[in-house]
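Visitor:
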Amino acid sequence: TELKSKLQAVQTDMMQQMSAYQLKIDQAINERQVTLAKLAKAQEKVISLEIALKQQKETNIALSNAIQDMEFKAVERLEKQKSELIRSAEMSLAGKDQLYRATQNKVVALEAMLKTAHNDNKKLLRNLELAADNLKNMQFGEMTREEFDRRMEKKLNSIMEKFKDEAKSPDLAWMGEENVRYVLDGFEAVIKTILGKEPHLIDLAEQLVIFMEAKFKAGTKSVESSNADKENNSEEKAFKDFKAEVIAEIESTLEKFHARYSEEISGGVAKIMSCMSCTEQKLETSVIQRIDSLGDLLLVVDSKQNDIQATEERMKSRLDNLSEAMEDIGNRVNYENEEYAAEMTNLWRDRYNIKAALHYVEQIGGDQIRLENRMRNIEEQYAVLEQEMRNGSERPLDYMRNDMPLQPVGIRNDMPYQPVDIRHGMPYQPVGMQYGMAPQSVDMRYDLTPPPIEMRYDMLRQPVDKRHDMSPQPVDMRHDMPAQSVDCSHTVPSGKHCGQSTLKQ
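Residue numbers for the sequence shown, in the working numbering: 89 to 593.
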């Protein structure tokens with residue numbers, strides 16, 4: 089009875105321990121289910137994040153392509169606008185330059201015309217002053233000797249030119265060419281004598297004698313000296329008559345010239361004064377107009393230059409804004425990539441933690457299987473002890489100890505070992521099958537691919553919460569279980585049954 093009570097106590101303790109182990113197993117299974125659910129959710133989240141990442145990558149590629157296209161089109165459009173503006177500005181500047189050059193040429197021509205007009209005005213003024221002096225002298229009836237000599241010289245020279253022209257006419261052919269030439273030479277000598285500063289008859293006579301000697305030598309060298317004297321006298325008489333006629337003609341001509349010259353001077357002075365006034369007015373108006381047009385042209389050129397400068401500044405500001413927008417887009421893309429990298433790092437960390445938890449759950453399952461095997465061994469030993477106790481009156485313990493050594497149940501019954509769940513009387517099944525759970529795939533249970541290095545370092549740096557530390561602990565069967573496995577193949581020194589001594593211990 090004492091042994092039975094002890095066996096019942098042992099059985100009760102074993103049942104309590106089994107129930108405690110079963111509770112732990114249930115808790116571990118529940119935790120495993122929760123962990124598997126979390127893992128499934130994490131995998132779904134990873135898949136969704138991968139899809140989102142793929143979509144984000146495609147979106148980023150599309151955005152980058154769109155940005156590149158926009159940048160290329162904007163640059164091309166700006167280049168076209170810049171080239172068009174530059175071309176139009178160059179064309180306008182070329183037109184303005186050409187107009188400016190034409191205006192400069194006109195200004196130079198006008199300056200030359202103005203200078204010429206100024207010189208003409210000076211000449212006219214000088215002639216006017218001379219005419220005024222002449223009019224002044226004419227008003228008082230006085231004329232200087234120099235003026236008279238100048239006018240006489242002019243008149244005599246004009247008469248000489250007139251005579252030379254008349255000598256070429258065929259009307260004087262009857263006189264002979266030599267005679268006409270001698271007459272012209274004589275008249276020229278007379279003019280030179282008259283216009284000389286100190287005229288002398290000797291010079292005139294010598295020249296005339298030279299002319300006559302030449303004539304006589306060329307004409308008749310065999311004429312007698314008497315005829316020569318007569319001819320000389322006739323020549324002198326003719327020369328005197330000719331001289332008187334010439335002087336009278338010169339005086340009449342000078343009088344006519346004086347009267348006509350006075351009339352011409354008065355009319356010329358009036359015309360000159362009117363022309364000068366009109367010319368001055370025209371020049372003043374034209375110069376003022378040209379100056380105004382030049383000022384307007386300079387204002388137009390300045391306005392065009394200001395417009396070109398403003399256009400360049402606008403283009404620069406647009407390019408700066410475009411570059412800033414591109415930088416903002418690049419920074420935004422980099423920030424999104426960094427966020428995605430951080431999120432992926434967290435996912436890898438969660439995945440690693442889940443895999444570690446699964447590994448721990450698998451270890452707990454292995455510990456449970458070992459505990460169940462021990463419990464079955466204990467139950468079998470208990471059954472053997474109970475059978476031996478029932479057969480104790482029929483057969484001594486030494487006989488049983490010597491004839492029937494203790495063997496495992498499967499060996500003694502020549503049957504393979506079948507684990508039995510004593511609570512329900514059913515063959516043992518895996519833990520997952522007992523609770524209606526399908527076994528997980530090998531990849532889900534044993535996929536312990538380590539995360540990246542930086543993630544492992546982050547996990548190592550995290551603090552350990554002792555309340556949730558579910559790592560497998562070593563089991564000491566001597567303290568957790570009231571009895572060890574029984575080996576009945578030998579006896580103890582006291583001669584008692586080995587099971588009794590063990591139970592007492």
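Where a beta carbon is used, it is the ideal one built from N, C-alpha and C, also for glycine.
Thinking just about the alpha-carbon of each residue, which of Arg-439, Leu-410, Glu-468, Gln-456 is nearest to the one in Gln-105?
Guide: Gln-456
Visitor: Do you know whose CA, among His-206, Gly-453, Ala-200, Asn-394, lies nearest Asp-114's CA?
Guide: Gly-453
Visitor: CA-CA distance, Asn-419 and Glu-132?
Guide: 30 Å
Visitor: Please state if the CB of Ile-466 and the CB of Met-102 are separated by a distance shorter than 8 Å.
Guide: It is a contact, given that the beta carbons lie within the stated cut-off.
Visitor: Less than 8 Å between the beta carbons of Met-248 and Glu-276, yes or no?
Guide: yes
Visitor: DSSP three-state call for Thr-100: helix, strand or coil?
Guide: Thr-100: helix per DSSP, three-state reduction.
Visitor: In the structure shown, what three-state DSSP assignment does Thr-373 receive?
Guide: helix
Visitor: Helix, strand or coil for Ser-257 per DSSP?
Guide: Coil.
Visitor: Would Leu-435 and Val-163 qualify as a contact pair, given that the criterion is a beta-carbon distance under 8 Å?
Guide: no
Visitor: Using only the alpha-carbon positions, how far apart do Leu-283 and Ser-381 sit?
Guide: 58 Å
Visitor: Just to confirm, are Lys-184 and Lys-392 a CB contact at a threshold of 8 Å?
Guide: yes
Visitor: Assess, as a yes-or-no matter, whether the region 409 to 429 is touched by the region 144 to 158 under the definition of 3 or more beta carbon pairs within less than 8 Å.
Guide: yes
Visitor: Where does Gln-96 land, buried or exposed, given buried means 16+ other C-beta within 10 angstroms?
Guide: Exposed: under 16 other Cβ atoms inside 10 Å.
Visitor: Given this structure, state the Cα-to-Cα distance separating Lys-210 from Lys-203, to the nearest angstrom.
Guide: 10 Å
Visitor: What is the DSSP secondary structure of Thr-89, counted as helix, strand or coil?
Guide: Coil at Thr-89, not helix or strand.
Visitor: Taking contact to mean 3 or more Cβ pairs, one atom from each stretch, closer than 8 Å, check whether the region 174 to 191 and the region 400 to 410 are in contact.
Guide: no
Visitor: CB of Leu-111 to nearest heavy atom of the ligand GTP: below 7 Å?
Guide: This structure lacks the ligand GTP, and indeed carries no ligand of any kind.
Visitor: Using alpha carbons as the reference points, say which of Glu-372, Gln-143, Met-477, Asn-118 lies closest to Glu-450.
Guide: Asn-118
Visitor: Could you give the first and the last residue of the continuous alpha helix (DSSP H) run that contains Asn-267?
Guide: 265 to 283
Visitor: Look at the Cβ atom of Thr-100, then the Cβ atom of Ala-445, and state whether they are nearer than 8 Å.
Guide: no
Visitor: Just the C-alpha distance for Ile-298 and Leu-218, rounded to the nearest angstrom, thanks.
Guide: 42 Å
Visitor: Express the C-alpha separation of Arg-238 and Ala-182 in angstroms, rounding to a whole number.
Guide: 59 Å
Visitor: Would Ala-255 and Leu-244 be called neighbours here (beta carbons separated by less than 8 Å)?
Guide: no
Visitor: Report the option in Ser-107, Tyr-188, Val-196 whose CA atom is closest to the CA atom of Asp-384.
Guide: Tyr-188
Visitor: Measuring CB to CB, does Ala-130 end up less than 8 Å from Asp-438?
Guide: yes
Visitor: DSSP three-state label for Asn-594, please.
Guide: Limits of the chain in this structure are 89 at one end and 593 at the other, which puts residue 594 out of reach.
Visitor: Output the distance between the C-alpha atoms of Glu-167 and Ser-136, rounded to the nearest integer angstrom.
Guide: 45 Å
Visitor: Can you give me the Cβ contacts of Tyr-545 inside the same chain, cut-off strictly under 7 Å, excluding the 5 residues immediately before and after it?
Guide: Note that Tyr-545 scores 39 on pLDDT, short of 50, meaning its location in the model is unreliable; the coordinates nonetheless yield the value given after this. Here the set comprises nothing.
Visitor: Measure the CB-CB distance between His-155 and Ile-379 and report whether it falls below 8 Å.
Guide: In the sequence as presented, His is not what sits at residue 155; that position holds Ile. Result no, Cβ atoms of Ile-155 and Ile-379 do not sit closer than 8 Å.
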